[in-house]
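Just so you know, our numbering puts the end of the sequence shown at 180, numbered straight through with nothing missing. Yeah, the Cβ is synthetic: ideal placement off N, Cα and C, and Gly gets one too. Please read these numbers as outputs of a predicted model, since none were measured by experiment. Heads up, the thing below is written out as C-alpha cells.
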Amino acid sequence: SSGEGVSWVQSALNKLGFNLSVDGKFGNGTEEAVKRFQSFCSIGVDGIVGSDTINYLVENIKKGSRVIQKASYPSGVSESGIAFIKGYEGFMPYAEWDQSQYSIGYGTGVDKDEYPDGITEQQADKLLRSTLDTTYVPSLKKFCDNNGISLNQAQFDALIDFSYNLGPNCWTKSTGFET
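Structure representation (C-alpha cells):
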C-alpha cells in the first residue's frame, strides 16, 4: 500500500514518538510501528490500519501521548569500552580470516589484501575508532532512536561490543528488545 493515507499514518506515528520516514510507502518499518502502536493501545495487533487503529491514533495525538519515549545515550564509545574491545579482540598485525571476514588490528573487517604490509598497533587503534564512529555507533543510535531506548555509558559500550562481534546490521533486523 502507498499514498497520502500511508503518509498520514507515518506522520501520526511520528507525533507519538516513532521515527519513520514519511515516504507514503507501507514498508516493514511502518508495519512494525503500527504493530507496536496497536500493542501499546491493547487493540488487535495485525499491522493493518483499520478504523480502530485510526481512532486510537487520533485520540493519542490529541492527548499528546508518547508511545516511544525520546532516546538518550552517550555520544560515543568510552575509552574503557575501546580498551575492552581491544583486550577481547587482541592485536593482529596482518589480515586473518576470522569467522566470516578478514580482520586486522583489533578485529576490524578488511579486504584480504587491503594491508599487504600489515599495520602497527597505533594504526589499528585509529582504524578501530574510525570503524566504531562511522559504522557501529550510528547503527546503535538509530536503533535506540527508533525504539525509544535510553542507555547509560556502560550499557552503550556493552552493546557496541556486542554488535562489533555480530555486525552493525544486527540492529536493523530487530524491532526492539523482546521479553
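For G82, the three-state secondary structure derived from DSSP is helix. Straight-line measurement puts the Cα of D118 at about 44 Å from the Cα of G149.
The C-beta separation of G108 from D99 comes to about 7 Å, placing the pair in contact by the 8 Å criterion. With three or more CB-CB distances shorter than 8 Å, the region 124-135 counts as touching the region 82-93. Counting the other Cβ atoms within 10 Å of the Cβ of T135 gives fewer than 16, which makes it exposed. In the three-state scheme derived from DSSP, where H, G and I count as helix and E and B as strand, G88 is classed as helix. Between S79 and D158, the C-beta gap is smaller than 8 Å, which places the two residues in contact.
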